[in-house]
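Numbering (this note's numbering), first residue to last: -12 to 533.
Ideal Cβ positions, reconstructed from N, Cα and C, are used throughout, including at glycine.
Note that the structure is a prediction, hence the values are computed from the model and not measured.
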Amino acid sequence: MNRLHPFSAVVYALRYGLLWLWVPFFLVTALAGTVAAVSIAWLPVVTALGFLFGAAYGVVYYYRFEYGITPDTFDVASGVVARRSREIPYRRIQNVDVRQGVLQRVLGLAVVTIETAGGGNSEAALRLVSKSEADRLQHQIRRRTAGVDADDSDRSTTEASEDGRPVGDEPLDEQPSRVDGTAEAPPVSETRPRREPTEPSRKRLFALDSRELLLYSLTTLRPAALAAVGFLFFFATDTVLDFLVTLSQPFGGPQDLQTGDTQSYGVLTVVSMVNGIVITYLVSVAYTFATYYDFRLGRVDEDFVYERGLLQRYSGSIPAEKVQSVTITDNPLQRLIDYAGLWVETAGYGPDSSGGSQSAVPMARAAHVHRFAENLTHVETPAFASPSPIARRRYLVRYSLIAAVVVAAALALAQVTPLERWYLAAVVFAAVPPAAHLRYVHLGYYVGEDHLVIRRGFWRRRTTVIPYFRIQTVSTRRSIFQRRLGIASLVVDTASSRTLFWDTPTIYDVDLEDARGVHRTGRKRLQSALRERARADDAGFSVDFT
């Protein structure tokens, strides 16, 4: 078993020391006014003792943390009081990611995280190891994961031969091709001695150049930017308010928050909203630029490998055989310049989005992204079917009700403020018809021979390609209003994790009979795909269904 880098002992000592010093601090502060024997003068001593105790615990935690690579599992043992030992089978491992912050890159250290199928969090995190050790672990685990898949294929071949079933003898030039166009490796012969595999070569598939990185940064709004601005306002409210008051004064804003009138407060509100939007956008641009700087995607055997990051460097792998679905994303600005992005979903926990979604191509020409998706999934060009025309009327009514709520809110505000022209809020009704139309025309679905393709969304349109054999559940959902209109929505779930910003692929508002037909077809083709994969395993060669 191996230990972490010695610098980890310092990190754990500081972390637990700073954590534990607050315990006696709060106890003494709370008891000083109620218990006569407790004095506030004890604070320097008890906080120092708390820090020393926490630091000692951190050092012991470092010495009790061990990890190792075995032939079948990756083992991790940790814990001081409560000992925890984990054996992670290689076949369950989805991703092995390496992360480096600015200081870690200077010191040559890295954090290794191992993600497994269905995990809401990382299954194991090694903080910290040397960069060379991180690369070694990533390579060794990836190699052994591929070896498990090869052994499973060999076992199927052997069992097929013993049972008298045909093994298959396709020549090498007729083997299925990979995404990168190279021939799929044939199964290992039972009569041929197994050689120890060496480090395979990496084939570059995509690199985000400076122009595409800048376009991606300028046309993407990251939710994390809004959280960062809200965090800044929460901890520096007075400073931020004084800054906004100063910015609004040239436009007629108040001199201060206590002496303003209704008009000046209105100017302050508008200026604050504009500045909030601009600052959030600039933070989003900077965050996206730093996150996807020098993004590179390659392929090593059956794994996709990527690197990205300016201040914090990420590198990781995405096993092609464990991809659950592929999603093409774009927003109105990206569609205007004919660009799009490509995301893949695995069943594990990903560092990109706190879920299984990971960016394979952050942004490129739409034609290039669609071609890459077709090569990756082998899906035919989809001919999308639209939802029921009744859905457009439903969206029209829904958005009209939202507009009515906006006008009612303006009317209610006019009762308690000098707002006179509240009726101008009715202009929002002009946006109802185009909003309903845009939502309708960006919905669609395609039932292919091997894949189900679902498109939805306007502000961030997502086109998801799902192989039938990856489908976990298909459920028909009908609200009260949908039952009255004779329509339904079809929810298609895979094993990939979901986050706050990635919803489950759903075919919205189709005729009930169409929804039932897609449900039946999907179930039949799921069974057919599973039987085909079983026959391929029995024949002794692997078919790339992803």
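Query                                                                                                          : Result
Local Cβ density within 10 Å of MET350, reported as buried at 16 or more and exposed below that                : buried
Euclidean distance between Cα positions of PRO76 and TYR49                                                     : 24 Å
Three CB pairs or more closer than 8 Å across the region 492 to 510 and the region 449 to 463                  : yes
Start-end ranges of the beta strand (DSSP E) lying completely within the region 273 to 304, minimum 3 residues : 283 to 287, 290 to 295
Where THR60 sits in the DSSP three-state scheme                                                                : strand
Burial state of ALA0 (16 or more Cβ within 10 Å)                                                               : buried
Exposure of THR246, with buried meaning 16 or more beta-carbon neighbours within 10 Å                          : exposed
Candidates PHE456, SER271, SER375: closest to VAL428 by CA position                                            : SER375
For GLY45 and VAL67, the rounded distance between their alpha carbons                                          : 9 Å
Residue closest to ARG86, alpha-carbon to alpha-carbon, out of VAL261, THR233, LYS190, TYR301                  : TYR301
Identified DSSP bridge partners for LEU534                                                                     : Here the chain comprises residues numbered -12 to 533, so residue 534 is not present and cannot be evaluated.
Given 8 Å, three or more beta-carbon pairs between the region 203 to 216 and the region 267 to 279             : yes
N-terminal and C-terminal residue of the beta strand (DSSP E) that GLN321 is part of                           : Element bounds for GLN321: not the beta strand (DSSP E) but the alpha helix (DSSP H), 319 to 323.
Three-way DSSP call (helix, strand, coil) for GLY88 in this model                                              : coil
ALA327 to GLY239 span [Cα, whole Å]                                                                            : 43 Å
Bounding residues of the alpha helix (DSSP H) (the contiguous stretch that carries ARG(-10))                   : From DSSP, ARG(-10) is part of no alpha helix (DSSP H); its letter is neither H nor E.
Short Cβ contact (8 Å threshold) for ALA97 with ALA69                                                          : no
Span separating the alpha-carbon of TYR386 from that of PRO420                                                 : 8 Å
Check whether GLN127 and ILE27 have beta carbons under 8 Å apart                                               : no
Among LEU398, THR100, SER72, ALA401, the one whose alpha carbon lies nearest that of SER109                    : THR100
LEU231, buried or exposed, once every other Cβ within 10 Å from all chains shown has been counted against 16   : buried
Whole alpha helix (DSSP H) elements within the region 374 to 433, 4-residue minimum                            : 377 to 403, 419 to 428
Delimiting residues of the beta strand (DSSP E) encompassing VAL68                                             : Counting along the chain, VAL68 falls outside any beta strand (DSSP E), and DSSP gives it neither H nor E.
Sheet register partners of GLY328 (DSSP bridge)                                                                : THR316
Span of the beta strand (DSSP E) around THR207                                                                 : It is not in any beta strand (DSSP E) - THR207 carries neither H nor E in the DSSP assignment.
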